[in-house]
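Numbering follows full-length UniProt numbering, with no gaps: position 407 of the sequence shown is 407. Note that CB positions come from ideal geometry on N, CA and C, so glycine has one too. Please read all numbers here as calculations on a predicted model, not as lab measurements. One structure is given here, and the rest of the page talks about it.
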Amino acid sequence: MLMKREFLMDAQEFFLNLRRIVVNKIDFFSTLKKRLPKIKKKTCYNEWYTRDLAAMKKRLLFLDSLVKNTDCDRLKKEYVDSKQSYKQSIKKAKLAFNATKIEGSKNKCKTAWQLIKDDINNPSPRLVEVTPDSFNHYFVNSVTLIKESIVKPNIDSVSLIKNNPVRKSTFNFIKVTVSDMTKAIKRLKNSDSVDVFKLSNNIFKLISHTFIIPLTVCINKCLTEGYFPDELKLSRICPVYKKGPKNIPESYRPISIIPVFSKVIEIIVHDQLISYLECNGYLNISQFGFRKGKCTTDAIDALVRQILDSFENKASAQATFCDLSKAFDCVDHKELIAKLNYYGVNGIPLKFFQSYLSNRRQKVSINGNWSNEIEVRTGVPQGSVLGPLLFLVQVNDLPSSVGAKYILYADDTTFLNVHSDFDSLKNLVNSTVEEASTWFRANGFLLNESKTKNIIFSLKQKPLNNPSQNICTTVKFLGIHIDDNLTWNSHIEFISKRLCRVIFLLRRILYCVPEDYVRSLYFAFFQSIIKYGLVIWGNSSNIKDILILQKKAIRVMSKVEPLEHCKPLFIKLKIQTVINLYIYDSVVFTLKNLQSLIFSSDLHGYNTRNKNKIAIEHCRLTKTQHSHLVISQKIFNKLSNLSNKYPEKIFLIKFYDWLLENPFYALSEFLDLPERRICF
Numbered sequence: 001m002l003m004k005r006e007f008l009m010d011a012q013e014f015f016l017n018l019r020r021i022v023v024n025k026i027d028f029f030s031t032l033k034k035r036l037p038k039i040k041k042k043t044c045y046n047e048w049y050t051r052d053l054a055a056m057k058k059r060l061l062f063l064d065s066l067v068k069n070t071d072c073d074r075l076k077k078e079y080v081d082s083k084q085s086y087k088q089s090i091k092k093a094k095l096a097f098n099a100t101k102i103e104g105s106k107n108k109c110k111t112a113w114q115l116i117k118d119d120i121n122n123p124s125p126r127l128v129e130v131t132p133d134s135f136n137h138y139f140v141n142s143v144t145l146i147k148e149s150i151v152k153p154n155i156d157s158v159s160l161i162k163n164n165p166v167r168k169s170t171f172n173f174i175k176v177t178v179s180d181m182t183k184a185i186k187r188l189k190n191s192d193s194v195d196v197f198k199l200s201n202n203i204f205k206l207i208s209h210t211f212i213i214p215l216t217v218c219i220n221k222c223l224t225e226g227y228f229p230d231e232l233k234l235s236r237i238c239p240v241y242k243k244g245p246k247n248i249p250e251s252y253r254p255i256s257i258i259p260v261f262s263k264v265i266e267i268i269v270h271d272q273l274i275s276y277l278e279c280n281g282y283l284n285i286s287q288f289g290f291r292k293g294k295c296t297t298d299a300i301d302a303l304v305r306q307i308l309d310s311f312e313n314k315a316s317a318q319a320t321f322c323d324l325s326k327a328f329d330c331v332d333h334k335e336l337i338a339k340l341n342y343y344g345v346n347g348i349p350l351k352f353f354q355s356y357l358s359n360r361r362q363k364v365s366i367n368g369n370w371s372n373e374i375e376v377r378t379g380v381p382q383g384s385v386l387g388p389l390l391f392l393v394q395v396n397d398l399p400s401s402v403g404a405k406y407i408l409y410a411d412d413t414t415f416l417n418v419h420s421d422f423d424s425l426k427n428l429v430n431s432t433v434e435e436a437s438t439w440f441r442a443n444g445f446l447l448n449e450s451k452t453k454n455i456i457f458s459l460k461q462k463p464l465n466n467p468s469q470n471i472c473t474t475v476k477f478l479g480i481h482i483d484d485n486l487t488w489n490s491h492i493e494f495i496s497k498r499l500c501r502v503i504f505l506l507r508r509i510l511y512c513v514p515e516d517y518v519r520s521l522y523f524a525f526f527q528s529i530i531k532y533g534l535v536i537w538g539n540s541s542n543i544k545d546i547l548i549l550q551k552k553a554i555r556v557m558s559k560v561e562p563l564e565h566c567k568p569l570f571i572k573l574k575i576q577t578v579i580n581l582y583i584y585d586s587v588v589f590t591l592k593n594l595q596s597l598i599f600s601s602d603l604h605g606y607n608t609r610n611k612n613k614i615a616i617e618h619c620r621l622t623k624t625q626h627s628h629l630v631i632s633q634k635i636f637n638k639l640s641n642l643s644n645k646y647p648e649k650i651f652l653i654k655f656y657d658w659l660l661e662n663p664f665y666a667l668s669e670f671l672d673l674p675e676r677r678i679c680f
């Protein structure tokens, strides 16, 4: 229970008392755990290796010595047969042992994945010859060097934000209830990674019910006083190896772990701030990053739509994919506060964000060794809940200062210029880059010109490439490889290489874990690669290459011959073909964009049999007719009557189940199917 004296405390004193209580609880549970008797685990590496296997190996070695010293065909045949039998026995023994281990564990899925990892035996690279302090200084100083290299323009960011006029409103914090706090804690991701207080998300969620009421009071005090506890501004940094020499800090990426207490406060504040910004329409409509209901596929779709429009209008388009150096780390706190104020965050709430951003520090942790603390004076906190949203606020007015079409996904900024004349298009692009560079420099960002890519999308003969313009024929945009003719061949080639590696992995672990877990591995590593952005590129003529690899994976999982017919196997394993996945994703995509489409019933008042079908807009070009925009509508029209028969969720479930029973190898198989044959 809370004492009257505790209600009179300020937010800082209240939080310190609360943290002390929580730390004592953790220490108490840790002491109990240490007192428990330790059970020694078997150190034998191959626990599944039985005496029968050892006897078989001994006999095999004996036969091997006989074969080497004699030239007897009967012995050779016996040796080959024994060797094959030994290999099969090892596979069966290993599988039986692992199956027993999985079934006997409390967390079957976790145990299965651990067995798979052990079998793959791919240890993560170790840190060498770099001290925690060296890492910490490098991570902070690398940002400082970027900031110092920026040449500020004559105009400041406060002047530029006025190009983005908004309807004035005021943001105020809403009182937090215990119910709000419970929901926020449940949203913490399951993780055993500990912060600087040796507290993990899992431990916090486990014991939070014992102090949820004082925690609610504490957070309300922070919000009403405009205070964020200084103790929660210290982050733990874990360097993770990327590539390059292992003895230099440049080869590592910093992974930030913020205090769990901070995450809970940030979830509460994030929900209130994003609700305010969305309700007032402050966030740019073409910002697809870190927003509910928007994803990378939406951003790619927006870009492809504009390119196809330019093709239909007999014009060419040039996209500029901007690369910013450490964008999240370069956010200027004063400019961010000024922008929050511009969007109506003032008074106590603004004081809270000032407190949140100030006096932030970090320490690097490597194998139990810690660096000294270093103050971080710029950037939004990495690994935080609020950081991405604050970054969106910082870059929100960028489009209003640039006279080009744009697609934003957090720090991935893409500008698109369209013109029928290549020389005029070049001038537009140069003007866009200059305007964008001015805005970036005014707001404390550095445009990395060497990594900024340009690509010309055109059905006409393109001008000769000028090396100074850094024009490419293919560019990677949000994980999808886009070529200058939108054929998607480069993307299919890229993911085909990844899928080949997954097939090798499937083959390797096939006799390591039971079939159900191999299937789970397929969904996690194979199908996830196929599904990403599939609705955009799935109608490519080279989709057959993916289907061939998918059949190969299915045959490996089913342990059948290389030429075995696969449709029965797809049905048996309950796995969709890549064509089926494309059909399903196209329907989901159409349902998501239904409000922007025109139906036959909107064009006339007659009660025709096609009234529920989409009136597909006429397209001049075959490329547009074969694009995801048109094909997804054609697919939906095949299901128009069924879609109105059920609620959306039920319809999608039934359609997915129907597809499982009807594997397609080509889109034409589905489109040519009479509608009466599609029933569920």
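Subject >> Three-state secondary structure assigned by DSSP to serine 528 >> reply: Three-state result, serine 528: helix.
Original post:
Taking just the CA atoms, how far does valine 260 sit from isoleucine 90?
Top reply: 46 Å
**OP:** Look at the alpha carbon of phenylalanine 422 and the alpha carbon of phenylalanine 457, and state the distance between them as a whole number of angstroms.
**Re:** 11 Å
Original post:
Would you say asparagine 190 and tyrosine 282 are within 8 Å of each other, going by their C-beta atoms?
Top reply: Not in contact: asparagine 190 and tyrosine 282 (Cβ atoms no closer than 8 Å).
**OP:** Could you tell me whether the Cβ atoms of leucine 234 and glutamate 434 are closer together than 8 Å?
**Re:** no
Original post:
Which residues in the same chain have their Cβ closer than 8 Å to the Cβ of phenylalanine 670, if we skip the five residues on either side of it in sequence?
Top reply: Same-chain partners within the cutoff: Ile579, Ile583, Ile635, Lys638, Phe664.
**OP:** To the nearest angstrom, report how far apart isoleucine 26 and leucine 206 are at their CA atoms.
**Re:** 11 Å
Subject >> Span separating the alpha-carbon of leucine 95 from that of tyrosine 532 >> reply: 32 Å
**OP:** Could you tell me which residues DSSP puts in a beta bridge with leucine 447?
**Re:** Bridge partners of leucine 447: Leu324.
Original post:
If we call anything under 8 Å between Cβ atoms a contact, is glutamine 362 one with asparagine 141?
Top reply: no
Subject >> Presumed contact (8 Å Cβ cut-off) between alanine 299 and tyrosine 406, rounded CB distance >> reply: Contact doesn't hold; Cβ gap of about 11 Å is too wide.
Subject >> Alpha-carbon to alpha-carbon, valine 151 and asparagine 448 >> reply: Within the model, the alpha-carbon separation for asparagine 448 versus valine 151 is close to 13 Å.
Original post:
Are the segment 355-369 and the segment 306-315 touching by the rule of at least three beta carbon pairs closer than 8 Å?
Top reply: no
Original post:
Between arginine 35 and the rest of its own chain, which residues show a CB-CB distance below 7 Å, the 5 nearest in sequence each way excluded?
Top reply: Because arginine 35 carries a pLDDT of 48, less than 50, the predicted location of this residue cannot be relied on, and the following value inherits that uncertainty. None.
Original post:
Pick from Ala404, Leu499, Tyr356, Glu78: whose alpha carbon is nearest that of serine 384?
Top reply: Tyr356
**OP:** Grab me the residues of cysteine 44's own chain with a C-beta within less than 8 Å of its C-beta, minus the 5 sequence neighbours each way, in chain order.
**Re:** Note that cysteine 44 has pLDDT 42, beneath the 50 cutoff, so the model's placement of it is unreliable and the number below is only indicative. The answer is none, since no qualifying residue turns up.
Original post:
serine 358 to aspartate 602, Cα distance in whole Å?
Top reply: 56 Å
Original post:
With a CB to CB cut of under 8 Å and the five nearest residues on each side skipped, what residues in its chain are close to phenylalanine 432?
Top reply: Reading off the sequence, residue 432 comes out as threonine, not phenylalanine. These residues qualify, in order along the chain: Thr320, Val402, Gly403, Ala404, Phe415, Asn417.
**OP:** Check each candidate in Pro165, Phe15, Gly387, Gln382 and name the one with the smallest Cα separation from tyrosine 343.
**Re:** Selection Pro165, Phe15, Gly387, Gln382 evaluated against tyrosine 343 yields Pro165 as nearest (Cα-Cα).
**OP:** Round the Cβ separation of isoleucine 536 and threonine 297 to the nearest angstrom and send it over; I've been treating them as touching at under 8 Å.
**Re:** Under the criterion of beta carbons closer than 8 Å, isoleucine 536 and threonine 297 qualify as touching, at roughly 7 Å.
Original post:
Do the CB positions of isoleucine 219 and valine 178 come within less than 8 Å of each other?
Top reply: Cβ atoms of isoleucine 219 and valine 178: not closer than 8 Å.
Original post:
Would DSSP call tryptophan 658 helix, strand or coil?
Top reply: helix
Original post:
Looking at the structure shown, is serine 275 part of a helix, part of a strand, or coil, going by DSSP?
Top reply: helix
Original post:
Residues in its own chain within less than 8 Å of leucine 2 by CB, not counting five upstream and five downstream?
Top reply: The predicted model places leucine 2 with a pLDDT of 48, which falls under 50 and marks its position as unreliable, so this point remains unresolved.
**OP:** Mind checking who isoleucine 374 pairs with in its DSSP beta bridge?
**Re:** Gln362
Original post:
Does the Cβ-Cβ distance between cysteine 512 and asparagine 98 come in under 8 Å?
Top reply: It is a contact, given that the beta carbons lie within the stated cut-off.
Original post:
Which of helix, strand or coil does DSSP assign to proline 132?
Top reply: helix
Subject >> Residue of Leu232, Arg507, Cys472, Ser437 minimising C-alpha distance to proline 381 >> reply: Leu232
Original post:
In this structure, what does DSSP give as the bridge partners for alanine 319?
Top reply: Leu416, Ile455
Original post:
DSSP on lysine 42, reduced to helix/strand/coil?
Top reply: Note that lysine 42 has pLDDT 44, beneath the 50 cutoff, so the model's placement of it is unreliable and the number below is only indicative. Lysine 42: coil per DSSP, three-state reduction.
Subject >> Residue environment, lysine 339, which counts as buried when at least 16 other CB atoms sit within 10 Å >> reply: buried
Original post:
Tell me which same chain residues have a C-beta within less than 7 Å of the C-beta of aspartate 545, skipping the five on either side of it?
Top reply: Ile492, Ser496
Original post:
For leucine 563, does the count of other Cβ atoms within 10 angstroms reach 16, so buried, or fall short, so exposed?
Top reply: When all chains shown are included, leucine 563 counts as exposed.
Subject >> CB contact flag (tyrosine 517, leucine 506, <8 Å) >> reply: no
**OP:** Starting from valine 80, follow the alpha helix (DSSP H) in both directions and report where the run begins and ends.
**Re:** 73-103
**OP:** Pull up the distance between the alpha-carbon of leucine 652 and that of phenylalanine 589, whole angstroms please.
**Re:** 12 Å
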